[in-house]
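Participant: Heads up: the sequence shown is residues 82 to 205, going by the numbering used here.
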Amino acid sequence: MKYEIILLVILILALPVQAKHLHLEKEYQTCWCNAHNGIMEYKLSDYTRVDCLTSTHAIEFDFAPKVYESIGQALYYGLETCKKAGVVLILENSQSEQKYVKRLEKVAKQYNIDYWLMYPSDLE
82 MKYEIILLVI LILALPVQAK HLHLEKEYQT CWCNAHNGIM EYKLSDYTRV
132 DCLTSTHAIE FDFAPKVYES IGQALYYGLE TCKKAGVVLI LENSQSEQKY
182 VKRLEKVAKQ YNIDYWLMYP SDLE
């Protein structure tokens with residue numbers, strides 16, 4: 082009985098962690114990359130990985146609050162692959178996440194980064 086209670090407490094505490102996003106980043110990545118004939122998890126010489134490498138772009142995927150990380154990684158991957166930097170920004174709460182889209186738009190315009198937006202409905 083003692084172990085069952087401990088297990089139950091652990092499961093209850095773990096639930097909020099799993100409920101953070103509606104879908105995994107990898108699900109969005111797989112959907113988009115397959116649709117654009119890209120290579121997923123393309124490994125660079127320094128062992129970093131491009132989320133999706135297409136014939137023209139090195140694409141980084143991230144959820145909206147991590148917009149700055151996605152921009153930095155995309156620029157680096159573009160430099161390393163001699164391809165154009167690209168970001169796929171995942172919006173699971175599009176109303177409250179518009180501020181991240183505006184930030185991405187501003188930086189993308191300045192540094193010539195292409196970007197796409199993905200929503201949970203894109204996975205249906």
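Every residue gets a Cβ at the ideal spot worked out from N, C-alpha and C, and that includes glycine.
Computed from a predicted structure; not experimentally measured.
(1) According to DSSP, is Glu141 helix, strand or coil?
(2) Could you pull the DSSP bridge partners for Tyr196 from this structure?
(3) Rounded to whole angstroms, what is the Cα-Cα separation between Thr135 and Thr111?
(4) Does DSSP put Gly183 in a helix, in a strand, or in coil?
(5) Buried or exposed for Gln179, going by 16 or more other Cβ atoms inside 10 Å?
(6) Give the DSSP-derived three-state secondary structure of Glu205 in the structure shown.
(7) Mark Tyr196 as exposed unless 16 or more other C-beta atoms lie within 10 angstroms of its C-beta, in which case mark it buried.
(8) For Asp127, which residues from the same chain have a beta carbon less than 8 Å from its beta carbon, with the 5 sequence-adjacent residues on both sides left out?
(9) Secondary structure at Glu178, three-state DSSP: helix, strand or coil?
(10) Cα-Cα, which of Lys107, Ser175, His117 is closest to Phe142?
Facilitator: According to the structure shown:
(1) strand
(2) Val168
(3) 13 Å
(4) Note that residue 183 is Lys in the sequence shown, not Gly. Helix, per DSSP.
(5) exposed
(6) coil
(7) buried
(8) Glu161
(9) coil
(10) Lys107
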